[in-house]
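Trainee:
Residue numbers (UniProt numbering): 1 to 63.
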């Protein structure tokens with residue numbers, strides 16, 4: 001039982017240490033550039049209000 005615990009903990013540690021090199025984030029970091037954030041012209045609450053207005057057929061600046 002002790003050997004099982006030791007082997008399992010070593011396997012888990014090895015898995016965690018190799019994640020940056022093998023996992024999805026590791027592959028993406030080496031192949032693609034980091035995405036640049038897209039900033040909106042409006043504040044988040046204005047985005048929600050504009051989406052609501054468009055859904056109900058109102059102009060964007062109607063409050």
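Ideal Cβ positions, reconstructed from N, Cα and C, are used throughout, including at glycine.
In angstroms with no decimal places, state the Cα-to-Cα distance between residue 49 and residue 40.
Mentor: Translated into positions along the chain shown, residue 49 becomes position 49. Translated into positions along the chain shown, residue 40 becomes position 40. About 14 Å.
Trainee: Identify the continuous alpha helix (DSSP H) that holds residue 4 and give its terminal residues.
Mentor: Along the chain shown, read from residue 1 onward, the residue named residue 4 stands at position 4. Per DSSP, residue 4 belongs to the alpha helix (DSSP H) from 2–22.
Trainee: Over the uninterrupted alpha helix (DSSP H) stretch that includes residue 51, give me the two end residues.
Mentor: Position 51 of the chain shown, counted from the start, is the residue given in the question as residue 51. Where residue 51 is concerned, the enclosing alpha helix (DSSP H) stretches over 44–55.
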